[in-house]
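Here's the structure, in structure tokens; my notes come after.
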Amino acid sequence: MGGWKASAVYDAGDFFQIFRDGVPRTRNELASMTGLSRPTVISRIDDLMGLDLVAAVSDAVSTGGRPSARIAFNPSGRLVVSADVGATHIHVGICDLSGSVLADDSVAMLVSQGPRPVLQVVVELATSLLESLRRDSAEVVAMGVGLPGPVDHATGRPTSPPIMPGWDGFDVPAHLRQSFDVPVLVDNDVNIMALGERALSWPDADDLIFVKAATGIGAGIISDGTLRRGAKGGAGDVGHVFVQRAAGLACRCGKTGCLEALAGTPAIVRALRDDGLELETGAEVVDLVRQGNLDAARHVRESGRAIGEMLNACVSILNPSIIVVGGQLAQSGESLLAGIREEVYSHSSPLATRDLQIAQSRSGSNAGILGAGILAIEHVLSAAEINAVVQDRQSSRAEGSAALQ
22 MGGWKASAVY DAGDFFQIFR DGVPRTRNEL ASMTGLSRPT VISRIDDLMG LDLVAAVSDA
82 VSTGGRPSAR IAFNPSGRLV VSADVGATHI HVGICDLSGS VLADDSVAML VSQGPRPVLQ
142 VVVELATSLL ESLRRDSAEV VAMGVGLPGP VDHATGRPTS PPIMPGWDGF DVPAHLRQSF
202 DVPVLVDNDV NIMALGERAL SWPDADDLIF VKAATGIGAG IISDGTLRRG AKGGAGDVGH
262 VFVQRAAGLA CRCGKTGCLE ALAGTPAIVR ALRDDGLELE TGAEVVDLVR QGNLDAARHV
322 RESGRAIGEM LNACVSILNP SIIVVGGQLA QSGESLLAGI REEVYSHSSP LATRDLQIAQ
382 SRSGSNAGIL GAGILAIEHV LSAAEINAVV QDRQSSRAEG SAALQ
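Residue 22 is where the sequence shown starts when you use the working numbering, and the numbers rise one by one after that.
Here it is as structure tokens:
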């Protein structure tokens with residue numbers, strides 16, 4: 022922080038970034054750090070306090086006379102809504118501005134029911150959670166949403182999602198803003214899981230691949246510390262990559278040989294039913310593996326091998342330091358991971374795998390809402406967004422004063 026200069030800290034948004042480390046500071050310390058005059062520092066702090074982004078904390082040590090109040094980031098001052106919409110579920114959370122999940126709830130629902138019914142449930146869950154926290158919707162400053170298909174991140178509109186009839190091009194942000202008039206950030210669900218998993222468990226990993234193994238198969242890619250979305254939001258749509266093990270198998274996307282056709286939970290359910298087991302869901306597959314059912318463990322391990330076949334190319338191209346495996350199938354534990362490790366460590370280059378870790382997700386089912394929260398928080402706490410809000414408030418005050426004259 023010693024490199025801050027007045028030219029680099031000109032307005033409230035840039036000034037706020039100092040507080041992101043959570044360290045309380047006095048006004049004099051802030052003036053010394055930034056080179057700004059004390060009146061300017063006070064003005065910036067007033068702007069940020071007006072947005073509930075910073076607050077005074079316990080007094081600093083006095084050097085004589087009146088103690089100096091310290092100013093610090095106020096993560097509980099505002100809230101974000103985070104929503105993880107999967108192929109068969111909706112998981113919604115309320116987060117503070119540090120990314121901590123204050124409350125969450127989930128329901129089973131098919132994304133194929135269409136955008137309006139699904140997003141209505143997102144709104145209903147969010148409203149109910151706010152009521153349970155005794156917090157007002159006016160305290161919400163942004164929403165983050167993950168969807169199980171490619172998304173144009175700039176517009177928040179799904180782009181030709183293979184398992185989401187009726188969603189292609191749907192204006193998700195505009196629809197949600199009818200209920201919460203705040204910025205709405207939308208991304209692919211596995212992208213937000215990658216963000217959440219990295220923030221929670223691997224903050225120093227600049228090269229990470231998060232694989233979601235559930236109804237579908239997807240990957241969130243962080244390379245050189247940056248989430249990679251691709252030209253049309255399709256980066257990481259690995260469930261429809263051809264793998265030799267799935268050759269000839271029909272996929273719900275209309276092609277054959279897709280990874281998902283062999284490795285997704287519906288495929289494993291069908292295979293176990295062919296073996297004579299009566300079951301319907303991926304959760305039942307996981308339960309069977311945990312109970313020691315050898316057929317279930319064998320099919321899940323085969324799923325892992327197919328995922329590993331796809332990952333061989335990713336390892337060679339991206340050279341990640343860690344591959345994190347999440348989603349429903351990952352809850353079966355070592356059966357899935359063993360298949361992935363067997364394939365990757367056997368067939369990827371020694372250089373790429375020498376220090377490569379392949380690990381189970383530590384954030385589990387919360388990865389999506391954690392990541393969606395981070396997506397929203399990083400937007401709303403950016404210098405540009407804070408500056409825009411401050412300028413709007415100043416313009417409104419100026420217009421009000423002019424109307425009174």
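Glycine included, each C-beta is placed from N, C-alpha and C at the ideal position.
In this model, residue 322 and residue 361 are separated by some 8 Å (Cα to Cα). Within the region 275-363, complete alpha helix (DSSP H) segments of at least 4 residues are found at 280-284, 286-295, 303-311 and 315-339, given in chain order. A direct Cα-to-Cα measurement between residue 176 and residue 302 gives close to 34 Å. Every beta strand (DSSP E) of 3 residues or more that sits fully in the region 115-174 is shown, in chain order, as 122-129 and 161-168. Spanning the alpha carbons of residue 222 and residue 391 requires a straight line of approximately 11 Å.
Taking C-alpha positions only, residue 270 is separated from residue 283 by approximately 7 Å. For residue 241, there is no enclosing alpha helix (DSSP H); the residue is found in the beta strand (DSSP E) stretching over 238-244. Cα atoms of residue 187 and residue 373: separation of roughly 41 Å, rounded to the nearest angstrom. Residue 96 sits in coil when the DSSP states are folded into three classes, being neither helix nor strand. When the beta-carbon positions are compared, residue 336 and residue 369 come within less than 8 Å of each other. The three-state secondary structure of residue 184, taken from DSSP, is coil. Taking C-beta separations shorter than 7 Å and ignoring five residues to either side along the sequence, the partners of residue 363 in its chain run 326 and 329, following chain order. The three-state secondary structure of residue 263, taken from DSSP, is strand. By the Cβ-count criterion, residue 281 is buried, with 16 or more other Cβ atoms from all chains shown falling within 10 Å of its own Cβ.
Counted as a single uninterrupted DSSP element, the alpha helix (DSSP H) harbouring residue 210 occupies residues 210-222. The C-beta of residue 128 has fewer than 16 other C-beta atoms within 10 Å across all chains shown, which makes the residue exposed.
Assignment of residue 247 by DSSP, reduced to helix, strand and coil, places it in the strand class. Between residue 324 and residue 289, the C-beta gap is smaller than 8 Å, which places the two residues in contact.
Taking C-beta atoms as the reference points, residue 259 and residue 162 fail to come closer than 8 Å. Looking only at 255, 266, 172 and 408, the smallest Cα-Cα distance to residue 207 is reached by 172.
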